[in-house]
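Undergrad: Here the sequence shown is numbered in our numbering, starting from 31 and rising by one per residue. Note that the Cβ used here is the ideal one computed from N, Cα and C, for glycine as well.
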Amino acid sequence: MKQLVIINGPNLNLLGKRETAIYGSQSFEDYLPQLQVAFSEVSITYFQSNHEGALIDKLHEVGFTAAGIVFNPGGYAHTSVALADAIAAIPAPVVEVHISNTFAREEFRHHSFTAQKSKGVIAGLGLEGYRLALMFLLSL
Ligand code: CA2
Numbered sequence: 031m032k033q034l035v036i037i038n039g040p041n042l043n044l045l046g047k048r049e050t051a052i053y054g055s056q057s058f059e060d061y062l063p064q065l066q067v068a069f070s071e072v073s074i075t076y077f078q079s080n081h082e083g084a085l086i087d088k089l090h091e092v093g094f095t096a097a098g099i100v101f102n103p104g105g106y107a108h109t110s111v112a113l114a115d116a117i118a119a120i121p122a123p124v125v126e127v128h129i130s131n132t133f134a135r136e137e138f139r140h141h142s143f144t145a146q147k148s149k150g151v152i153a154g155l156g157l158e159g160y161r162l163a164l165m166f167l168l169s170l
């Protein structure tokens with residue numbers, strides 16, 4: 031069975047609890063089962079961490095065997111050369127997803143180090159972006 035991995039970065043454990051006007055009212059833990067039913071022919075695993083090193087370790091752990099990775103690096107997208115290096119170091123294709131339209135927000139959110147090393151980026155489509163990213167990765 032193909033393995034697809036969803037990785038969420040810092041503060042995304044608060045989804046559905048705070049800032050619902052920007053990020054929506056559903057937690058990722060509530061949304062994940064819907065994805066697992068919709069993509070029942072593949073294994074979808076989920077990991078979230080607020081720590082840069084833990085995210086790097088996870089990319090290294092799954093990045094040599096997974097068929098693809100959906101990665102929302104959160105604020106680290108705009109700051110982390112180390113996460114960009116980790117994406118570049120693994121063979122698995124990575125699609126970066128942002129729930130909000132980062133290009134319609136503050137200037138500092140317009141640049142992403144991690145996007146530069148990813149296969150593609152989806153931003154601004156809410157949680158639907160994760161589903162679309164999985165569809166793309168399955169089509170490869
Ligand atoms: O839009 C996205 O998915 C972001 O990756 C979310 C990050 C932000 O720094 C990026 O620029 C864009 C922030 C995640 C914060 O998540 C929260 C969710 C609920 C309540 C508070 C924060």
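Is it true that the region 111-123 meets the region 83-99, where meeting means three or more beta-carbon pairs spaced less than 8 Å apart?
TA: By the criterion of at least three beta-carbon pairs nearer than 8 Å, the region 111-123 is in contact with the region 83-99.
Undergrad: Starting from residue 101, follow its DSSP beta bridges and name the residues at the other end.
TA: Residue numbering aside, residue 101 sits at position 71 when the sequence shown is read from its first letter. 37 and 126, per the DSSP bridge assignment.
Undergrad: Are residue 37 and residue 77 touching if we call contact CB-CB under 7 Å?
TA: Residue 37 sits at position 7 when you count from the first residue of the sequence shown. Residue 77 sits at position 47 when you count from the first residue of the sequence shown. Taking 7 Å as the Cβ cut-off, residue 37 and residue 77 qualify as a contacting pair.
Undergrad: Is the CB-CB distance between residue 107 and residue 142 below 7 Å?
TA: Here the question's residue 107 lines up with position 77 in the sequence shown. Here the question's residue 142 lines up with position 112 in the sequence shown. Yes. Within cutoff.
Undergrad: Taking the C-alpha atoms as reference points, what is the distance between residue 134 and residue 155?
TA: Within the sequence shown, numbered from 1, the residue matching residue 134 stands at position 104. Within the sequence shown, numbered from 1, the residue matching residue 155 stands at position 125. Distance between the alpha carbons of residue 134 and residue 155 is about 12 Å.
Undergrad: Quickly, what does DSSP pair residue 151 with across the bridge? List them, please.
TA: In the sequence shown, the residue the question calls residue 151 occupies position 121. According to DSSP, which records beta bridges pairwise, residue 151 is partnered with 126.
Undergrad: Give the list of continuous alpha helix (DSSP H) stretches no shorter than 4 residues that lie fully inside the region 63-122.
TA: 82-92 and 111-119
Undergrad: Give me the Cα-Cα distance between residue 32 and residue 72, rounded to the nearest whole angstrom.
TA: Here residue 32 refers to the residue found at position 2 when the sequence shown is read from its first residue. Here residue 72 refers to the residue found at position 42 when the sequence shown is read from its first residue. So the alpha carbons of these two residues sit roughly 5 Å apart.
Undergrad: Among 163, 159 and 105, which has the Cα closest to the Cα of residue 137?
TA: Along the sequence shown, one-based indexing puts residue 137 at 107. Comparing Cα positions, the closest option is 105.
Undergrad: Take residue 114 and list the residues in its own chain whose beta-carbon comes closer than 8 Å to its own, dropping the five residues that flank it on each side.
TA: Position 84 of the sequence shown, counted from the start, is the residue given in the question as residue 114. Around residue 114: 143, 144, 146 and 147.
Undergrad: I'd like to confirm something about residue 128: is its beta-carbon nearer than 6 Å to some heavy atom of the ligand CA2, or not?
TA: By one-based count along the sequence shown, residue 128 stands at place 98. Yes - the ligand CA2 has a heavy atom lying nearer than 6 Å to the Cβ of residue 128.
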